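Undergrad:
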Amino acid sequence: MQAANPRHGYILGLSAYIIWGLFPLYFKAIASVPAVEIIIHRVLWSALFGALLLLVWKHPGWWRELRDNPKRLAILALSGTLIAANWLTYVWSVNNGRMLEASLGYYINPLVNVLLGMLILGERLRRLQWLAVGLATVGVLQQVWQVGSLPWVSLVLALTFGFYGLIRKQAPVKALPGLVVETWMLVPIAAAWLLLHPEASSAQAHFWTTSEAWWLVAAGPVTLVPLVCFNAAARHLPYTTLGFLQYLAPTLVLLQAVLLFDEHLSSSTLLAFMFIWAGLAVYSVDAWISLRGRR
Numbered sequence: 001m002q003a004a005n006p007r008h009g010y011i012l013g014l015s016a017y018i019i020w021g022l023f024p025l026y027f028k029a030i031a032s033v034p035a036v037e038i039i040i041h042r043v044l045w046s047a048l049f050g051a052l053l054l055l056v057w058k059h060p061g062w063w064r065e066l067r068d069n070p071k072r073l074a075i076l077a078l079s080g081t082l083i084a085a086n087w088l089t090y091v092w093s094v095n096n097g098r099m100l101e102a103s104l105g106y107y108i109n110p111l112v113n114v115l116l117g118m119l120i121l122g123e124r125l126r127r128l129q130w131l132a133v134g135l136a137t138v139g140v141l142q143q144v145w146q147v148g149s150l151p152w153v154s155l156v157l158a159l160t161f162g163f164y165g166l167i168r169k170q171a172p173v174k175a176l177p178g179l180v181v182e183t184w185m186l187v188p189i190a191a192a193w194l195l196l197h198p199e200a201s202s203a204q205a206h207f208w209t210t211s212e213a214w215w216l217v218a219a220g221p222v223t224l225v226p227l228v229c230f231n232a233a234a235r236h237l238p239y240t241t242l243g244f245l246q247y248l249a250p251t252l253v254l255l256q257a258v259l260l261f262d263e264h265l266s267s268s269t270l271l272a273f274m275f276i277w278a279g280l281a282v283y284s285v286d287a288w289i290s291l292r293g294r295r
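With the first letter of the sequence shown counted as 1, position 218 gets the number 218 in full-length UniProt numbering; the numbers rise by one all the way through.
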């Protein structure tokens, strides 16, 4: 396995989260297409684009390794199912005026990462890191209390992506081949859905003369590029660190929801986010102190 390179990990992780943070701009452009149909095309075009990318970006022996290890194929089938569920929930929330709830889900996700990192990967937190987690947890619990019920969109997003990242971090499969196999395993389901829904927008010939058609085709690179960056970053960084980097994406989503799409930001939601941002600041200070200590 390739040696960890934290500098590369930070660059890759930041790239992935900035792209994900700007996703609402993309999905708003195809808001007229139902969420399920968008996911179907994300699968199909990601599979095609990923296969073409594999022809250019060589990974010698990747298929032989998977063929000789059926367990790895089963792992990728599970991770593919998790990321598809995450996609569907996210697209639905963006196109149904639930961007703030989606943003909260990705604020919760780092807490899931920290918990999984400790319980499954045996990672340990320093004192300032515990304080950071505590502040973020207070913010999340305060928001759940204000909602008055479990914010299911937020929890589904946090849990599906948390377990997806954990599986991909541990799976001995390189980022791009793993993603290509994940998406191709979903292709039969996507194709079957299109066959069973001839009334779907994208099943009509005239649809492919519209701008929405090109936006759907773009789902391939738009989906794969940040996922490749994320999966590569997961191999270079501790899972807890990768989780806290993720706060960049929901912050961008939050800003777009309020400034561009006129979603209401209540005082209780703002208070919750302030606790979360405070946790991020403390975690960043701890990372800086740790880096100075190593030097």
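Where is the CB? At the ideal position from N, CA and C, for every residue including glycine. Owing to the predicted nature of the structure, the values given are computational and were not obtained by experimental measurement.
Does the separation of the CB atoms of A200 and E101 fall below 7 Å?
TA: The residue given as residue 200 occupies position 200 in the sequence shown. The residue given as residue 101 occupies position 101 in the sequence shown. Not in contact: A200 and E101 (Cβ atoms no closer than 7 Å).
Undergrad: Rounding to the nearest angstrom, what Cα-Cα distance links L166 and W130 in this structure?
TA: In the sequence shown, residue 166 corresponds to position 166, counting from 1. In the sequence shown, residue 130 corresponds to position 130, counting from 1. Looking at the backbone, the Cα of L166 and that of W130 are separated by about 20 Å.
Undergrad: Measure how close the beta-carbons of L237 and G9 come, nearest whole angstrom, since I'm counting them as under 8 Å.
TA: Taking the sequence shown and counting its residues from 1, one reaches residue 237 at position 237. Taking the sequence shown and counting its residues from 1, one reaches residue 9 at position 9. Going by Cβ atoms, the distance from L237 to G9 rounds to 4 Å, so yes, they are a contact pair.
Undergrad: What does a CB cutoff of less than 6 Å around A249 pick up in its chain, not counting 5 residues either side in sequence?
TA: In the sequence shown, residue 249 corresponds to position 249, counting from 1. Here the set comprises Y17, W20, G21 and Y106.
Undergrad: What does the alpha-carbon distance come out to for the pair V180 and P70?
TA: For the purposes of this step, residue 180 is taken as the residue at position 180 of the sequence shown. For the purposes of this step, residue 70 is taken as the residue at position 70 of the sequence shown. Their Cα atoms are separated by approximately 16 Å.
Undergrad: Just to confirm, is the Cβ distance from residue 367 to N95 under 7 Å?
TA: A query on residue 367 cannot be resolved here, the shown segment of the chain reaching from 1 to 295 and no further.
Undergrad: Is V285 buried or exposed, if buried means 16 or more other CB atoms sit within 10 Å of its CB?
TA: Residue numbering aside, residue 285 sits at position 285 when the sequence shown is read from its first letter. V285 comes out exposed.
Undergrad: Confirm, please, whether the CB-CB distance from A233 to L12 is below 7 Å.
TA: Along the sequence shown, one-based indexing puts residue 12 at 12. Along the sequence shown, one-based indexing puts residue 233 at 233. Against a cut-off of 7 Å, the Cβ pair of A233 and L12 comes out as a contact.
Undergrad: For Q146, which residues from the same chain have a beta carbon less than 7 Å from its beta carbon, with the 5 sequence-adjacent residues on both sides left out?
TA: Reading the sequence shown from its first residue, position 146 is the one you call residue 146. Contacts found: S268.
Undergrad: Quick one: what's got a C-beta closer than 8 Å to L48's C-beta in the same chain, skipping five residues either side?
TA: As a first step, residue 48 is located in the sequence shown; it is residue number 48 there, counting from the start. Around L48: G220.
Undergrad: Note down, in chain order, each residue of its chain lying with its Cβ closer than 7 Å to the Cβ of I39, except the 5 sequence neighbours on either side.
TA: Counted from its first residue, the sequence shown places residue 39 at position 39. Taken in chain order, the residues that qualify are A84, W87, L88 and V91.
Undergrad: Closer than 8 Å is the cut-off here; do at least three beta carbon pairs connect the segment 211-226 with the segment 46-62?
TA: yes
Undergrad: Just verifying my parser: in three-state terms, what is the DSSP assignment at R235?
TA: Taking the sequence shown and counting its residues from 1, one reaches residue 235 at position 235. Of the three classes helix, strand and coil, the one that applies to R235 here is coil, per DSSP.
Undergrad: Which of the three DSSP states is assigned to V144 in this structure?
TA: Taking the sequence shown and counting its residues from 1, one reaches residue 144 at position 144. Helix, per DSSP.
Undergrad: Given a cut-off of 7 Å on the beta-carbon distance, is the pair W62 and P172 in contact?
TA: Mapped onto the sequence shown, residue 62 falls at position 62. Mapped onto the sequence shown, residue 172 falls at position 172. No, these two residues do not count as a Cβ contact at 7 Å.
Undergrad: So the candidates are K58, L119, R124 and I108; which of them puts its Cα closest to the Cα of L150?
TA: Sequence index remark: in the sequence shown, residue 150 carries index 150 (1-based). It is I108 whose Cα lies nearest to the Cα of L150.
Undergrad: Report the option in L196, V138, E123 and K28 whose CA atom is closest to the CA atom of I257.
TA: Here residue 257 is taken as the residue at index 257 of the sequence shown, counted from 1. Correcting the residue identity first, residue 257 is Ala in this sequence and not Ile. The residue with the shortest Cα to Cα distance from A257 is K28.
Undergrad: Taking DSSP as the reference, what is the three-state secondary structure of F261?
TA: On the sequence shown, position 261 is the one that residue 261 refers to. If DSSP states are grouped into helix, strand and coil, F261 belongs with coil.
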